[in-house]
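J.: Take this structure first; my questions come after.
Protein chains in written order, with my numbering: chain L, 32 to 156; chain A, 32 to 156; chain B, 32 to 156.
As structure tokens, then:
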């Protein structure tokens, strides 16, 4: 699980969000904090969960969970205030597949651990 | 995991929501996209997660995760804007039990993958 | 999984929230409903998920998932209306570690099963 650092203004789609620290790294995990990208080293069924805190400083927050280049699930808020945006997915990954978050809008709450990205291997292939 | 299609106006409780497509189907899964209903074929402990995007076009969104006829967990939003409503449950199911979502209010974001319903078998009985 | 009862005014941080009932108790689980505290009896990797419904009766809802005394992940909303706040974490726990929720602000929707706290053992050590 990687807690998200303040992402500044990651802006455009397709750019992985950097992480701040990792609370738990599971066996076989390849999660690169600098890019916020998980690269699959053991093929199988994985579960991913994210939760982001929309800051009041942007008009919307749109978060995408991506497998390679494709959006799998997303979360969207147009709240004018701080608000939580959460989502999850069960994904079958082959070795080399990547999973990461992209977003537009601003997140807050990094100091309060209000943004997170977690995942785990459910069944090896 | 079934991404939800635009549900039109599913309205009244007790009516399963149709799905649009399935990203991952796990072994032993019986998920009927037409009705959005999961029917348990292997008894055991399951995990379910959902996330729906409330549209600005209804005054509230109320989503229920049901086991057979009972509400297990729900999510509720009275936002006037687009907003994410997420929930999850760990459930023990016997063969033949059904799990599905019902809701009142309108969801948006189907085109953006912002509504999803996922589940997996955690431990067979 | 423990569905949350109406917590009255649990207020200050560091006080576990009482639960109302438990839908599923997994083998090896030690979850005390009176205090809402999970105590680890089998060391390993666990997954926890929570979802709370912010009531319109408080200006904010701030929910913390804690391991022992530390905040692992949190959820925050400043909605003026009913709103769902969800989060999750993958945690490695040693025997005797505790996991529980704390919060400030008011939750609603207890009658509607809109607040929940779930967890499961993913891999024993």
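Backbone N, C-alpha and C define an ideal beta-carbon position, used for all residues, glycine too. In this text the structure is predicted, and so the values were computed from the model without any measurement.
#1: Among 75(L), 68(L), 62(L) and 69(L), which has the Cα closest to the Cα of residue 153(L)?
#2: Can you tell me whether residue 45(B) is buried or exposed? The criterion is at least 16 other CB atoms within 10 Å of its CB, across all chains shown.
#3: With a threshold of 6 Å on Cβ separation, who are the neighbours of residue 109(L) within its own chain once the five nearest residues in sequence on each side are excluded?
#4: Can you tell me whether DSSP reads residue 84(B) as helix, strand or coil?
#5: Do you know how far the Cα of residue 103(L) is from the Cα of residue 120(L)?
#6: Taking the alpha-carbon positions, what's the residue 69(A) to residue 143(B) distance?
#7: To the nearest angstrom, report how far apart residue 128(A) and residue 87(L) are at their CA atoms.
#8: If residue 95(A) sits next to residue 106(L), beta carbons under 8 Å apart, how far is it from one beta carbon to the other, in whole angstroms?
#9: Whole angstroms are fine: how far does the CA of residue 155(B) sit from the CA of residue 126(L)?
#10: Expressed to the nearest angstrom, what Euclidean distance is found between the alpha-carbon atoms of residue 137(B) and residue 73(L)?
#11: Taking Cβ positions only, does residue 156(L) come closer than 8 Å to chain A?
#12: Determine, using beta carbons only, whether residue 45(B) comes closer than 8 Å to chain L.
#13: Mind listing the chain A neighbours of residue 120(B)? Cutoff is C-beta to C-beta under 7 Å, in chain order.
#14: From the beta carbon of residue 106(A), is the nearest beta carbon of chain B less than 8 Å away?
#15: Compare the C-beta of residue 89(L) with all C-beta atoms of chain B and state if any pair is closer than 8 Å.
#16: Would you decide whether residue 99(L) is buried or exposed? Buried here means 16 or more other CB atoms lie within 10 Å of its CB.
#17: Who are the neighbours of residue 114(A) on chain L, taking C-beta pairs under 9 Å?
#18: Check whether chain C comes within 8 Å of residue 153(B), counting only Cβ atoms and requiring the distance to be less than that.
#19: Give me whichever residues DSSP pairs with residue 117(A) in a beta bridge.
#20: Could you tell me whether the Cβ of residue 130(B) comes closer than 8 Å to any Cβ of chain L?
#21: Between the alpha carbons of residue 85(A) and residue 117(L), how many angstroms are there, rounded?
#22: Output the distance between the C-alpha atoms of residue 82(B) and residue 80(A), rounded to the nearest integer angstrom.
T.: On the basis of the supplied data:
#1: Along the first chain, read from residue 1 onward, the residue named residue 153(L) stands at position 122. Answer by Cα proximity: 75(L).
#2: Walking along the third chain from the start, residue 45(B) turns up at place 14. Residue confidence for residue 45(B) is low, a pLDDT of 32 falling below 50, so the modelled location carries little weight; the figure read from the coordinates is stated next. Label assigned to residue 45(B): exposed.
#3: Stepping through the first chain from its first residue, residue 109(L) is reached at position 78. Excluding sequence neighbours, residue 109(L) sits near 91.
#4: Sequence index remark: in the third chain, residue 84(B) carries index 53 (1-based). Secondary structure at residue 84(B): strand, using DSSP grouped into helix, strand and coil.
#5: Here residue 120(L) corresponds to residue number 89 of the first chain, with the count starting at 1. Here residue 103(L) corresponds to residue number 72 of the first chain, with the count starting at 1. Here the C-alpha atom of residue 120(L) lies approximately 7 Å from the C-alpha atom of residue 103(L).
#6: As a first step, residue 69(A) is located in the second chain; it is residue number 38 there, counting from the start. As a first step, residue 143(B) is located in the third chain; it is residue number 112 there, counting from the start. Looking at the two C-alpha atoms, the distance is approximately 22 Å.
#7: Your numbering for residue 128(A) matches position 97 in the second chain. Your numbering for residue 87(L) matches position 56 in the first chain. In a straight line, the C-alpha of residue 128(A) is about 43 Å away from that of residue 87(L).
#8: As a first step, residue 95(A) is located in the second chain; it is residue number 64 there, counting from the start. As a first step, residue 106(L) is located in the first chain; it is residue number 75 there, counting from the start. With a Cβ gap of about 20 Å, residue 95(A) and residue 106(L) do not count as contacting.
#9: As a first step, residue 126(L) must be located in the first chain, where it is residue number 95. As a first step, residue 155(B) must be located in the third chain, where it is residue number 124. About 24 Å.
#10: In the third chain, the residue the question calls residue 137(B) occupies position 106. In the first chain, the residue the question calls residue 73(L) occupies position 42. Approximately 43 Å, taken between the alpha carbons.
#11: Position 125 of the first chain, counted from the start, is the residue given in the question as residue 156(L). Chain A places no beta carbon closer than 8 Å to that of residue 156(L), leaving this residue out of the contacts.
#12: Position 14 of the third chain holds residue 45(B). Summary for residue 45(B): the model assigns pLDDT 32, below 50, so the residue's position carries little reliability; its value from the coordinates is reported in the next sentence. Taking Cβ atoms only, chain L never reaches closer than 8 Å to residue 45(B), which makes this a no.
#13: The residue given as residue 120(B) occupies position 89 in the third chain. Simply none; closest approach about 12 Å.
#14: If you number the second chain from 1, residue 106(A) lands on position 75. Chain B places a beta carbon closer than 8 Å to that of residue 106(A), counting this residue as a contact.
#15: Translated into the one-based positions of the first chain, residue 89(L) becomes position 58. The C-beta of residue 89(L) comes no closer than 8 Å to any C-beta of chain B.
#16: Reading the first chain from its first residue, position 68 is the one you call residue 99(L). With fewer than 16 Cβ atoms within 10 Å of its Cβ, residue 99(L) is classed as exposed.
#17: Against the second chain, residue 114(A) aligns to sequence position 83. Within 9 Å of the CB of residue 114(A), the CB atoms of chain L belong to 107, 108, 109, 110, 114 and 116, in sequence order along the chain.
#18: No chain C appears in the structure shown, which is made up of the protein chains L, A and B.
#19: Reading the second chain from its first residue, position 86 is the one you call residue 117(A). Note: residue 117(A) sits in a beta bridge opposite 82(A).
#20: Here residue 130(B) is taken as the residue at index 99 of the third chain, counted from 1. With 8 Å as the cut-off, residue 130(B) does not count as an interface residue toward chain L.
#21: The residue given as residue 85(A) occupies position 54 in the second chain. The residue given as residue 117(L) occupies position 86 in the first chain. Residue 85(A) and residue 117(L) have their C-alpha atoms spaced approximately 13 Å apart.
#22: For the purposes of this step, residue 82(B) is taken as the residue at position 51 of the third chain. For the purposes of this step, residue 80(A) is taken as the residue at position 49 of the second chain. The straight-line gap from Cα to Cα measures roughly 11 Å.
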